[in-house]
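For reference, the structure discussed in these notes is given below.
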Amino acid sequence: IVLVPEISLTPQTVRRFAARFPGRLAVIHSKLSLGERYDTWRRIRAGLVDVVIGPRSALFSPLPRLGLIVLDEEHDGSYKQEKTPRYHAREVAVKLAELTGSVVILGSATPDLVSYHRARRGQYRLLRLPKRIMGHRRRIEEQKRRYAIRGERYVVREVGPGYEDALYMELPPVQIVDMREELKAGNRSIFSRALQEAMHQALDKGQQVILFLNRRGAATFVMCRDCGHVLKCPRCDVPLTYHIAQRGRGEDSLVCHHCNWRTEVPQICPNCLSRRIKYFGIGTQRVEAAVRQLFPQARTLRWDRDTTGGKWAHEVFLEKFVNREADVLVGTQMIAKGLDLPLVTLVGVITADTALHLPDLWASERTFQLLAQVAGRAGRSFLGGRVIVQTYTPEHYAIQMAARHDYEGFYERELEFRRQHRYPPFARLAKLVYVHTNRTRCQEEAERLYHLLEDKIARLGLPNVDLIGPAPCFFERLRGKYRWQIVVRAPEPQALLRDLPLPLGWRVDVDPVSTL
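Counting in this note's numbering, the sequence shown runs from 146 upward without gaps.
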């Protein structure tokens, strides 16, 4: 079983496995119809399949002779099932391997900090791949013949004895650009001067560019300049995102990214009737528009959830870009993981700070992982590559370590922070969230359970157990319901939660991947 975190990685992974195991492969993902999923399940059950590829749900494929489970990009948060039954595919895979006598491979260039800590302590066997293997000499020579591109060719080196004729390259250099200095210099563009110049150079040579921003839409919120009113979702109480209509598909709209509620863009403020409505923030649509304006000759492709709703959309986008039908690829985290795009010589990170300052324990780790992963899309062929990271906090250790490709340095720094505050891997967390349509009722129930937990801790004499909260969730109201939470920090939260009487409305998540 081979698990991938994003459906966008499936086509590329499938092609490679199909070439090696023709006719013995099954693919499972959410775009399949119920009939297709059932037919696939029957083939697997009958032993007609040797390899199953898919997201976390593929882990439950009934392979009769399971021998190997691979989690590609094992650090990815999508391996956690957020709906009941809540589970993490990594933990299930390890247990399944234990029960079946099979082997688990957790693969990542930026391992989950808890996984890496376990490996350092000897719970997992740690295998390192210190060099970026480009392929065998024959493959590299074939690439050189296939891609007739102007410009220098970077040095590929022999790995050494025992690797036959495998060749490797260094990881691409990363340049950090302080966007505060760009503003002081009078540059109000979303592209720094360094990124604009690098894009000119790459495009002039016929090479490809990736621009990464982990936000969809054109503007992140809409506000009245006269009264300050921000247009929000009536069901979620969060700012609506401005989306520009696709060509020939309706009109511009304001969309809630939590419940998908949408409305027309108002011409006047609903609060004070002013016409001075302003759009703030940037998303992938605005980046795409800026590329078309600055580089009108460049063919631009945008790859995000808004453009990949169709069944085969990911395959179509990947094929277009690999076949050089586009010069610039703009996208969200879909394009940050695992894709092998040999003609990409420049990766630009538009804003590295989008998730860095969220009140979430994993904010720094996710920022480091995402930057390191998207940087890895550059320089995956003999053409080499470079990365430019735009940020307003260039001094942050997650950004600095990602720029230096220094996972060990980040691991030590983040581990010390977690040790001081008794966060995983030095303790476990359990998030208890109460959901109700009435805010007062929500608060009262959260406070009631908090006192109940306090009494139970004292009665059982449980050591090193902390309660954080009760408090409103970061997104207090979603889909018309209020949310309050209590976070339990303990060596084993189950001791406190066992036999706990919880009324309808409570959700318990042990080992959450987010505290938002």
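Cβ atoms here follow ideal geometry from the backbone N, Cα and C, with glycine treated the same way.
By the 10 Å Cβ neighbour count, where 16 or more other Cβ atoms means buried, how is residue i classified, buried or exposed?
i	result
Ile613	exposed
Gly476	buried
Gln438	exposed
Val248	exposed
Ile495	buried
Thr185	buried
Asp644	exposed
Leu271	exposed
Ser509	buried
Gln412	exposed
Gln352	buried
Thr585	exposed
Asp654	buried
Thr255	buried
Ala330	exposed
Val194	buried
Gln268	exposed
Val375	exposed
His566	exposed
Asp257	buried
Gly521	buried
Ser175	exposed
Going by beta carbon distance, what residues of the same chain come within less than 6 Å of residue i, once the five residues before and after it are set aside?
i	result
Val578	Arg628, Gln630 and Arg652
Tyr232	Gln226
Thr536	Ala497, Asp498 and Ile544
Asp382	Arg622
Gly192	Pro209
Pro646	none
To the nearest whole angstrom, what separates the beta carbons of residue i and residue j, a pair I think is in contact under 8 Å?
i	j	result
Arg360	Thr499	6 Å
Arg573	Ala635	6 Å
Leu204	Leu241	7 Å
Ala575	Pro638	4 Å
Leu211	Ile146	7 Å
Among the residues of its own chain, which have a CB less than 8 Å from the CB of residue i, if the five just before and after it don't count?
i	result
Arg95	In the structure as shown, the chain begins at 146 and stops at 661. Residue 95 is therefore absent and cannot be evaluated.
Ala364	Thr386, Tyr387, Tyr424, Phe425, Gly426, Ile427, Gly428 and Arg431
Leu515	Asn359, Gln478, Ala481 and Ala500
Lys465	Leu446 and Ala471
Val301	With a pLDDT of only 46 at Val301, under the threshold of 50, the placement of this residue in the model should not be trusted, and no figure is reported.
Arg100	The chain is shown from 146 up to 661; residue 100 falls before or after that span and cannot be answered.
Tyr224	Leu148, Pro150, Arg201, Leu216, His233, Ala234 and Arg235
Glu599	Leu612
Gly650	Tyr579, Val580, His581 and Glu590
Arg161	none
Arg165	none
Can the beta-carbon of residue i be found closer than 7 Å to that of residue j?
i	j	result
Val532	Val319	yes
Met368	Val354	no
Leu356	Gly493	yes
Asp349	Cys417	no
Leu506	Thr660	yes
Thr453	His459	yes
Ser334	Val322	no
Ile198	Val159	yes
Phe619	Phe555	no
Pro608	His262	no
Ala443	Val489	no
Gly222	Val580	no
Pro167	Ile189	no
Pro617	Glu592	no
Arg380	Arg624	yes
Pro230	Gly524	no
Leu463	Pro156	yes
Ala547	Ala517	yes
Arg407	Ser398	yes
Under the DSSP definition of a beta bridge, which residues are partnered with residue i?
i	result
Pro617	Trp629
Tyr424	Val367
Gly280	Leu312
Arg652	Val578
Gly199	Leu148
Ile355	Leu474 and Val492
Ala497	Ala497 is not bridged to any residue.
His220	According to DSSP, which records beta bridges pairwise, His220 is partnered with nothing at all.
Gln535	Val322
Gly252	Asp217
Val375	Met368
For residue i, collect the residues of the same chain with a Cβ closer than 7 Å to its Cβ; drop the 5 residues on either side in sequence, then sort them by chain order.
i	result
Ser253	Glu218, Glu219 and His220
His541	Leu501
Leu693	Residue 693 cannot be examined here, being either before or after the span of the chain that is shown, 146 to 661.
Leu641	Leu598, Lys601, Ile602, Leu607, Val610, Val633 and Ala635
Tyr568	Leu506
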